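See below for the structure under consideration.
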Amino acid sequence: MSWEESTRQKMLHLKLPTDPRWVGIAEMQIEDILTDHAYCEQKAASSCISLIVRFNDLDELVDTLTPIVAEEWGHFERVMDQIRKRDMKFGMARKDEYVTQLNAFVRKGGSRMSQLTEHLLLNALIEARSCERFKLLSQNIQDDELQKFYYELMISEAGHYVTFIEMARKYQDPEIVNKRWQEWLDFEAEVLKKMEIRGDRMH
6 MSWEESTRQK MLHLKLPTDP RWVGIAEMQI EDILTDHAYC EQKAASSCIS LIVRFNDLDE
66 LVDTLTPIVA EEWGHFERVM DQIRKRDMKF GMARKDEYVT QLNAFVRKGG SRMSQLTEHL
126 LLNALIEARS CERFKLLSQN IQDDELQKFY YELMISEAGH YVTFIEMARK YQDPEIVNKR
186 WQEWLDFEAE VLKKMEIRGD RMH
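To convert a position in the sequence shown, counted from 1, into this note's numbering, add 5.
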């Protein structure tokens, strides 16, 4: 089995694995990576809060996403701890070209549940790619503490991915969700294929 196929099967059905060169470049810019990672965790928490507010009448959704908000913010605090203990600087947020392109793929209009599905799948895809990148960092960087740190976060992000997919299938016909999920996966692969390999971004 090829490296690409192995990665595709193990990493949540992503269609295109991260270029192996990324992790080496990222390790050389770990201060930038940690800063970008901190903002990613903050945005993940904010995204869940937005869904809770927008769909506050869906009790199971609210009860499921609320602890994820706390967990994502806990991740933010843990990343900040890694930055501080290394005497690094928590820099300014950068434009997230990856998420911007994914946001453009969100279908506008349609039913309320269709809109919920779109945003749950968007979140699931970002978590899946984060999980894959955390795995690469945990297996390849030289910093032992960060290896363990990213392994732990990899497990957490995989759990979030599963939760978002399950929620989408609860509130929308699973066949519709599965078909749309494949479209999301295909689109994300094309986005990644065209993006410059940068070591100062988590995505």
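We put the CB at the ideal spot given by N, CA and C, even for glycine.
Only a predicted model underlies this, so the values are computations on that prediction, with no experimental measurement involved.
Beta-carbon gap between residue i and residue j smaller than 9 Å
i: Met207; j: His42; result: yes
i: Leu121; j: Leu66; result: yes
i: Trp189; j: Phe110; result: yes
i: Lys193; j: Phe169; result: Note that residue 193 is Glu in the sequence shown, not Lys. It is not a contact, given that the beta carbons lie outside the stated cut-off.
i: Val74; j: Ala50; result: yes
i: Leu197; j: Leu21; result: yes
i: Gly204; j: Gln34; result: yes
i: Arg112; j: Thr23; result: no
i: Asp92; j: Tyr44; result: no
DSSP-derived helix/strand/coil call for residue i
i: His18; result: coil
i: Arg206; result: coil
i: Leu151; result: helix
i: Gly164; result: helix
i: Ala98; result: coil
i: Val84; result: helix
i: Ser116; result: coil
i: Met200; result: coil
i: Met6; result: For Met6, the predicted model reports a pLDDT of 40, less than 50, meaning its position is unreliable and no value from the coordinates is stated.
i: Phe60; result: coil
CA nearest to the CA of residue i, picked from the options
i: Ile154; options: Met172, Leu19, Lys140; result: A small correction: the amino acid at residue 154 is Phe; Ile does not occupy that position in the sequence shown. The shortest C-alpha separation from Phe154 is found at Lys140.
i: Phe81; options: Lys199, Glu123, Glu46; result: Glu46
i: Gln152; options: Val28, Asp24, Thr23; result: Val28
i: Ala163; options: Asp178, Glu195, Cys136, Asn183; result: Cys136
i: Pro25; options: Leu126, Arg89, Leu142; result: Leu142
i: Tyr156; options: Val167, Asp148, Gln144, His165; result: Gln144
Status (buried if at least 16 other CB within 10 Å, exposed otherwise) for residue i
i: Ala172; result: Before going further, note that residue 172 is Met rather than Ala in the sequence given. The residue in question, Met172, is buried, as its Cβ has 16 or more Cβ neighbours within 10 Å.
i: His18; result: exposed
i: Glu9; result: With a pLDDT of only 43 at Glu9, under 50, the local geometry of the prediction cannot be trusted, and the value read off the model is given with reservation. Exposed: under 16 other Cβ atoms inside 10 Å.
i: Asp37; result: buried
i: Ser7; result: Since pLDDT at Ser7 reaches only 43, below the 50 mark, its modelled position is unreliable, and no value is offered.
i: Thr40; result: buried
i: Ser52; result: buried
i: Phe95; result: exposed
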